[in-house]
Ligand code: C2O
Ligand code: CU
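Residue numbers (our numbering): 59 to 520.
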């Protein structure tokens, strides 16, 4: 197995370095030389989260603050050049996108990591519209906790007709009272539900206020990019419908009451704003013992007099339907483990193993990692059972593919299509998909401390 693995890697590294670098002319030739649609240059930055205090040593894809909201179009090629200006290596993973494996941004598995002052061209055509996001997949706990991530909107081919479209990127920061970073995790918490931040923000601000048109119908795109917190979100002061979860249109567009959104997950809301001016609509998190306001919308101007009846369902994304009758069934058990620390320090290791998938704790990023946890045949249908044998919740994310939720042993589940399933304590969720995207795809918990202390693996589709 190790030998095959090495050969495979040699090939994939060759492929990847031919694509890497704006000036490198590889076999991609004209495409690699083409001007990118945009340049992302992650670098160190400073920012004021707390009044009058500058937080230093942040990482961002933007030198002056939070990363830009990227906009791609469904079915249109998208070309981003990563130019690494960080003091360490990095990559970009496009969370939730069904893209070619070489563009998936996982060091060693799909590409070499991008060193300081090097660049890498990500070129892909998003097949699905919706709300996605991007983040590094290298030294992930530090790089994400220091600020690296951004929202990626893939626009529908036809305009869905909202008066405004607002993206909210939710994340916490572990800052001391001096505004500087404190230790990013506490091991005893990593072995439970994770270590929470101390400053809670949306778009890097505490309870940011946005002006919206009175009587307007708006789309609010919420991305949970936090490394730990599972939100439970509700709206006060307006009517809201959930129009998409994790990028995929919801059947029946249910009214929002309180919806859980785990790390990595997204929720798109359609909100009908009050017709009067100066009214406040608040997004509230109910998952903490004291609910708190995440963001506030304030109405302005004459009423646009829109109606929830104006709302059309979003077009379905072209995800192939699995054939449940012929599907092969593969269980994945998520457990705690007592095994010792991971061996490798590539791309950041926390030095502990607390978690395992099918009894195997991920040994860390390495040029010769473990074998795939499952080998799948291209084009075949599969049912994965995600079995949580722990008293904690785990948002389980699969790269490169979208799956349909089939059933849970604990609750009724709508047949949502997603890339991240929030597994409740002791829950089993069955999901199904067609293995239509060849390559090595990570499967991991998106509570990053869990991922980095063992709850990660990968599958192979050939
Ligand atoms: Cu957003 Cu491997 O993750
Ligand atoms: Cu987890």
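For glycine and all other residues, C-beta sits at the position ideal for the given N, C-alpha and C.
*Using 8 Å as the Cβ pair cut-off and three pairs as the minimum, do the stretch 209-227 and the stretch 271-289 touch?*
yes
*Per DSSP, residue 503 is paired with what?*
On the chain shown, position 445 is the one that residue 503 refers to. Residue 503 is bridged to 454.
*Can you tell me whether DSSP reads residue 175 as helix, strand or coil?*
If you number the chain shown from 1, residue 175 lands on position 117. Looking at residue 175 - three-state DSSP - the assignment turns out to be coil, as it is neither helix nor strand.
*Using beta-carbon positions only, say whether residue 274 and residue 362 come within less than 8 Å of one another.*
Taking the chain shown and counting its residues from 1, one reaches residue 274 at position 216. Taking the chain shown and counting its residues from 1, one reaches residue 362 at position 304. Against a cut-off of 8 Å, the Cβ pair of residue 362 and residue 274 comes out as a contact.
*Is residue 70 buried or exposed, if buried means 16 or more other CB atoms sit within 10 Å of its CB?*
Counting from 1 along the chain shown, the entry for residue 70 is found at position 12. Note on residue 70: pLDDT 33, under 50, position unreliable in the model; no value is reported.
*Within the present structure, is the beta-carbon of residue 208 separated from the nearest heavy atom of the ligand C2O by less than 7 Å?*
Translated into positions along the chain shown, residue 208 becomes position 150. No, the ligand C2O has no heavy atom inside 7 Å of this Cβ.
*Flag residue 513 as yes when its Cβ comes closer than 7 Å to any non-hydrogen atom of the ligand CU, and as no otherwise.*
By 1-based counting over the chain shown, the position of residue 513 is 455. Checking every heavy atom of the ligand CU against the Cβ of residue 513, one is found closer than 7 Å.
*Near the ligand C2O, which residues have their beta-carbon closer than 6 Å to a heavy atom?*
151, 153, 193, 195, 322, 455, 457, 500, 502 and 504
*Rank 349, 164 and 113 by C-alpha distance to the C-alpha of residue 105 and give the top, closest one.*
Locating residue 105 in the chain shown gives position 47, counting from the first residue. Nearest C-alpha to residue 105: 113.
_Cβ-heavy atom distance, residue 452 to the ligand CU, below 7 Å_ = On the chain shown, residue 452 is found 394 positions in, with the first residue counted as 1. Within the cutoff, so yes.
*Identified DSSP bridge partners for residue 146*: Residue 146 sits at position 88 when you count from the first residue of the chain shown. Residue 146 is not bridged to any residue.
*asked:* Within a Cβ cutoff of 6 Å, which residues of the same chain sit near residue 67, ignoring the five residues on either side of it in sequence?
replied: Along the chain shown, one-based indexing puts residue 67 at 9. Model confidence at residue 67 stands at a pLDDT of 34, short of 50, so the residue's coordinates are unreliable; what they give is reported in the following sentence. Counting only Cβ-Cβ distances below 6 Å, and skipping sequence neighbours, we find nothing.
*Boundaries of the beta strand (DSSP E) in which residue 222 is found, first to last residue*: What you label residue 222 is simply residue 164 of the chain shown in a count that begins at 1. Its beta strand (DSSP E) spans residues 222-231.
_Between the alpha carbons of residue 235 and residue 147, how many angstroms are there, rounded?_
Stepping through the chain shown from its first residue, residue 235 is reached at position 177. Stepping through the chain shown from its first residue, residue 147 is reached at position 89. When rounded, the distance between both Cα atoms is 30 Å.
*Give me the Cα-Cα distance between residue 343 and residue 382, rounded to the nearest whole angstrom.*
Residue numbering aside, residue 343 sits at position 285 when the chain shown is read from its first letter. Residue numbering aside, residue 382 sits at position 324 when the chain shown is read from its first letter. Going from the Cα of residue 343 to the Cα of residue 382 covers about 37 Å.
_Considering only heavy atoms of the ligand CU, does any lie closer than 7 Å to the CB of residue 508?_
Taking the chain shown and counting its residues from 1, one reaches residue 508 at position 450. True, at least one ligand heavy atom lies under 7 Å from that Cβ.
*Residues near residue 350 by beta carbon distance below 6 Å, same chain, minus five either side*: Here the question's residue 350 lines up with position 292 in the chain shown. Cβ neighbours of residue 350 beyond the five flanking positions: 343.
*State the beta-bridge partners of residue 386 as determined by DSSP.*
Start at 1 with the first residue of the chain shown, and residue 386 comes out as number 328. Looking at the DSSP assignment, residue 386 forms a beta bridge with 440.
*If you follow the alpha helix (DSSP H) that residue 161 is part of, which residue opens it and which one closes it?*
Here residue 161 is taken as the residue at index 103 of the chain shown, counted from 1. It is not in any alpha helix (DSSP H) - residue 161 carries neither H nor E in the DSSP assignment.
_Reduced DSSP secondary structure (H/G/I, E/B, other) of residue 248_ = Walking along the chain shown from the start, residue 248 turns up at place 190. Note: residue 248 maps to helix in three-state DSSP.
*Which residues in the same chain have their Cβ closer than 8 Å to the Cβ of residue 437, if we skip the five residues on either side of it in sequence?*
One-based indexing of the chain shown puts residue 437 at position 379. Within the same chain, residue 437 has close Cβ partners 492, 493 and 494.
*CA-CA distance, residue 389 and residue 486?*
Along the chain shown, one-based indexing puts residue 389 at 331. Along the chain shown, one-based indexing puts residue 486 at 428. Their backbone Cα atoms lie some 10 Å apart in a straight line.
*Does DSSP put residue 325 in a helix, a strand or coil?*
Indexing the chain shown from 1 puts residue 325 at position 267. Strand, per DSSP.
*Would you check if the distance between the CB atom of residue 498 and the CB atom of residue 168 is smaller than 8 Å?*
Counted from its first residue, the chain shown places residue 498 at position 440. Counted from its first residue, the chain shown places residue 168 at position 110. Yes, they are a contact pair.
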